[in-house]
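In this text, residue positions in the sequence shown follow UniProt numbering: the first is 1, and each later residue adds one. Quick notes on the structure that follows.
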Amino acid sequence: MWSVNHGRERRQRHISDRNVNGRKSYVVRDGHLNEEEWSKVRVGDVIRMMSNQFVAADLLLLSTSEPHGICYIETMELDGETNLKSRGAIADTAEMGDDLDAISKFNGEIICEAPNNKLDKFHGKLIWQSRELPITNDNILLRGCILKNTRWCYGLVIFAGKDTKLMMNSGKTKFKRTSLDRFLNILIMGIVLFLIAMCLICTILCGVWEWTTGRWFTIYLPWDDIVPNRQQHGQFKTVQSIKNMSENFTLFDVHGAIHCYIPPISGSQQIAVISFLMFFSYVILLNTVVPISLYVSVEIIRFIHSMWINYDQEMFYENGDRSVPARAHTTTLNEELGQVQYVFSDKTGTLTRNIMTFNKCTINGISYGDLIDARGERIEVTPFYDRRLLDDTKNGVEEVTEFWRLLALCHTVMPERDKGQLVYQAQSPDEAALTSAARNFGYVFRGRTPQSITIEVMGKEEVYELLCILDFNNDRKRMSVITRNSEGKIRLYCKGADMMIMARLKPSTSPLLVSSTSTHLADFANIGLRTLCLAYKDIDPAYFEDWINRQHEAAIDMYNREKKLEAVYEEMEKDMTLIGGTAIEDKLQDGVPETIARLAEANIKIWVLTGDKTETAINIAYSCRLLTDDMKEIVVIDGQTHSEVEVQLKDTKITFDRIMNNTHVDPTAEKHPRFEIETIHGDGQNSSMSYGAESKGGDGGVALVINGDSLAFALDERLERLFLEIACMCMAVICCRVTPLQKAQVVDLVKRNKKAVTLSIGDGANDVSMIKTAHIGVGISGQEGMQAVLASDYSIGQFKYLERLLLVHGRWSYFRMAKFLRYFFYKNFAFTLTNFWYSFFCGYSAQTVFDAVFIACYNLFFTALPVLAMGALDQDVDHTYSLQYPKLYLPGQFNLFFNMRIFIYSVLHGMFSSLVIFFVPYGTFLNGAASDGKDLDDYSSLAFTTFTALIVVVTGQIAFDTAYWTAISHVVIWGSLIFYFLLAFLIYEALPVTLLAKTSSSVSYGVAFKTMATPQFWFSILMVSVILLLPVMLNRFFWLDTHPSFADRLRVRKKLGKRATSVKEDKKTPFTRSAATRRSVRGSLRSGYAFSHSQGFGELILKGKLFKNVEQMRAKNG
């Protein structure tokens, strides 16, 4: 069964891999383009790619359709960032253009670094035409990225297959096994030792019995042929007197003559052989205590659990042609879904949709975008709409017109014509959203050259001379453009983070304007929007001439270029006039905040591992309620050296310890899990009572944010334990700017040091490594890249389905498997140990107390279907309650349903049951007689009564254990009992005796009716049932009445007719702005600033590298 399941899984993975490897590429051969599959692309091939195509290998960019050999790529699959990045061909190779003859004759030699996993670095050189040309990361296209806004490009394959940087970051595929599997292996080993112990006991007792009793009866019970000197058995002799006779002689008085039985002179050797052989006989007899069939049943149940996931309509993602169901790619991890404590999630594409929309704005202290109804309540409108803003724009309010003009001018967007339509090609989705918003309000960005920007304002064209672009970077957190209008007026337009802009306003700025704008931006940030602050500055022409000369000198400086440029930019970007601010919504996937909230209620800690910027990650964390203003402390670790990170971590540890101590946690309770029992009253009101260790951090808890540079030091052997200790104190952990390998390292750190089940979820190739590393990997399907799905154990359409996967299917799988295992061990010990007790009454001859036919049918027919039905169908509460009350998930995290204590209880229960099942019928039939005086003290009656009692008891036990009765449950449970009696009547009464003559069942022929006609039989069945089943029933009622579990209370609630309210998505409630996001080295207020823009595009625009026919444009402009 295991082989069949895993063969099916491997076949599915093979089909998926074949689909990926079968993607088409166009390889240049002999001046022609040949279509080849990905799997056939080799190092040294030159391939041609088109726009929106995945890059199949690590390539050296040779030429592109864009001027100066520039191309644009999206690296979401690599680092999670959605903003476009530019790559450039080496100038010498870019001249080949689209000339297939020249490209096919390319014969350069590349000397480069060995394959490695560093995504941001590449070192090598190209030897071509007797010249050595340097190769940097800017000339490389990595596998997994997507070509964007570039019609075509050619690339030379440097690394292919497993040598690509993407695959080097993907980690190794390991066979995953659940903690339950490992625990079962330990239990099986213990059961084998128990079996050996029982066999040794029986072996020793067999030797003792043969010496004291058995050897006196070898004339009636001769030893087996394999016993040496078996012919030396005792003899009968007639004697006249018993004087001087030894005690070892047995006397018989036959018809007045005295006979004696003389035993063998020496039987020790024979007895030793008999005992040795009997050991193996008992191994065969008692081997059923080792649950070999357990593994078959487990695989069947796991397969059924996987089918429940695959066919769950509630997890079907309806998305038109791209609709996808949930899929279980493995059957071995289902119950582990009910034990997850740590979830590691990607951000881009997993929590967010990668869609930016203009949502709100503030202009001159007035907030726009909030529509109020007649009752004074806000109305959510999509897309953005505000009649007041539209009227102010049409009326030409000065501040409003400058607001839209800034958005139309201050950016690096490139306009293109697609089938006559104006299309914006933006480097970041933020800029696309802002420029499109200005366009919708009549300020249309039409075109640009290296020296000018053209916009259309309410149908009238305006051309601005582009004098300079002060480009964005992570330290400046702002960008500016300096333009000259047709009247010769020079103005600087700036947008950026509110803390950067507010600090550079002119002193005469109205405090009321600053206060209202700051309040609006704070309100926008509190509801999870990404904010930018806008300002402008009028510049004196004479001052600008002097400044531009100093800027040019700084730009050409060979030693302190960055520092001098920063100083020059800082000088220009001051004394600005505040216009207002924008608020963009980075749309979350449906139901993300609600899912995270419920997972948190289930004691599941969520860590976000993203390649995005710190500000963006924090903003999204607030949007999805992973971070809240109720948190007592949110610390950002951003050290750039090992010592800085160490100091920050130690400082954070002290801070967190102080917060924990303030919650007055009982130190004696720290070693125990915390439980919260929710009491459900008759009126439907809930009250909570908690015991055990308090949740760390109190009501609000603490959170940690760390960037990739700092994380590299934190994962060092000297700091990793300290980092883990701090992270485990937190309600949320956010790791920003991390590489795929770092994601896997973080997961592995928790996996190695915490006795907890980890789950990783992502949608891109950059998530493959952590998906493979975690105990459970979940891929988000339906996106462009399928690498995460192919590497995952489970795939779902959206993040919100993770809630149902864990809280319903995972919890049910663990609950069912635990009940299945408890019952399985119980019934096996009850069955097997009955034979062990019988050994004390059959001369330790390894004689079974049961009929051989029934022994074969016990695990195959009589008890197989009921336990499988319970393992596949049983549930304590339905899916609605499972989602509504996430605390039901807690027992699985701490293995409360199946552990060593539960196992020992099941074994002891089975042992006691076997004692009762054997000794009650034995005592009842001992020296018993029927009403007609016939002897009932025979083997057949005892065997039939004992086995009947066993079947009745184990059937009654599973009836008590079944919490969710279905038609299938009734059929298999009562059907198995009926089938037993039918089979017994068939074998013992209905079949002709000639068919049974050569079987072991022949000795019991006719025993069924004979035994069932006696009161001893029914008394035995009644006594066994009362002794074994009545205490179980009373115990259940006692605990249900005095100490009901949370699930018990919910079941009672349901039986009383009080339905669970349907789980609906909660509305986003505005956060109260109170707490601060703190760094351990400096403080900064929480900001909604998040701008996914990369440095360098401004320089490309000014140099004309993004334009076609740039020389003609310059001449025309001149």
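Backbone N, C-alpha and C fix where the C-beta goes; we use that ideal spot for every residue, glycine too.
Assignment of W965 by DSSP, reduced to helix, strand and coil, places it in the coil class.
The residues M76, D763, G764, I780, Q783, in chain order, have a CB closer than 7 Å to that of G349 in the same chain once the five nearest residues on each side in sequence are set aside. In this structure, the straight-line span from the alpha carbon of Y559 to that of R550 is close to 15 Å. Annotated three-state conformation of S345 is strand, per DSSP. Non-local C-beta neighbours of E66 in its own chain, meaning closer than 6 Å and more than five positions away in sequence, comprise T150, ordered along the chain. Taking each of E803, F106, I620 in turn and checking the Cα distance to N354, the smallest one comes out for I620.
When DSSP states are grouped into helix, strand and coil, R417 belongs to the strand group. For E585, the uninterrupted beta strand (DSSP E) run begins and ends at 577 to 588, by DSSP. Excluding five sequence positions before and after V55, the CB atoms of its chain that fall closer than 8 Å to its own CB belong to M49, I73, L141, L142, R143, G144, C145, I146, L147, G155, given in chain order. G591 carries a coil assignment under DSSP once its states are collapsed to helix, strand and coil. Separation of T64 and G420 (C-alpha to C-alpha, rounded to the nearest whole angstrom) is 24 Å. When Cβ pairs closer than 8 Å are counted between the two stretches, the stretch 809 to 826 is seen to touch the stretch 871 to 885, the count reaching three or more. Counting only the Cα atoms, Y885 lies some 36 Å from K360.
The beta carbon of L285 lies closer than 8 Å to those of N835, A846, T848 in the same chain, with the five residues before and after it left out. The closest CA to that of A714, considering only L741, V645, T758, N753, is found on V645.
Taken through DSSP and simplified to helix, strand or coil, S906 comes out as helix.
For the set A872, C468, F1019, D932, the Cα lying nearest the Cα of L942 is the one of F1019. In this structure D586 is buried. Its beta-carbon is surrounded by 16 or more other beta-carbon atoms within 10 angstroms.
Taking 7 Å as the cut-off, the Cβ atoms of A703 and I634 count as close.
For A91 against G69, the beta-carbon gap comes to about 7 Å, under 8 Å, which counts as contact. For D92, no beta strand (DSSP E) segment is defined; the enclosing uninterrupted segment is the alpha helix (DSSP H) at 91 to 94. Counting the other CB atoms within 10 Å of its CB gives S1000 a total below 16, which places it among the exposed residues.
Excluding residues up to 5 positions away in sequence, K24, Y26 lie with their Cβ nearer than 7 Å to the Cβ of E35 in the same chain. Within its own chain, the residues whose Cβ lies closer than 7 Å to the Cβ of C624, once the five positions on either side in sequence are excluded, are L351, L588, V592, P593, I596, listed in chain order. The straight-line gap separating the alpha-carbon atoms of I469 and E416 is approximately 21 Å. A straight line joining the alpha-carbon of F280 with that of H909 spans about 27 Å. Per DSSP, Y295 lies in no beta strand (DSSP E) segment; the continuous alpha helix (DSSP H) that holds it begins and ends at 292 to 310. Close CB contacts of A617 within its chain, under the 7 Å cut and outside five residues either way in sequence, are with K347, V608, T610, I734, C736 (chain order). In the three-state reduction of the DSSP assignment, G155 falls in the strand class. The C-beta of V1003 has fewer than 16 other C-beta atoms within 10 Å across all chains shown, which makes the residue exposed. DSSP lists L126 as the beta-bridge partner residues of I110. With respect to S914, C202 sits apart: the two C-beta atoms are not nearer than 7 Å. Using a C-beta cut-off of 8 Å, the stretch 502 to 519 makes no contact with the stretch 392 to 410, since fewer than three inter-stretch Cβ pairs fall below that distance.
The DSSP-derived three-state label of I366 is strand. According to DSSP, I135 shares a beta bridge with G124. Of all alpha-carbon atoms in F316, I292, A497, W837, the one lying nearest the alpha-carbon of F918 is that of W837.
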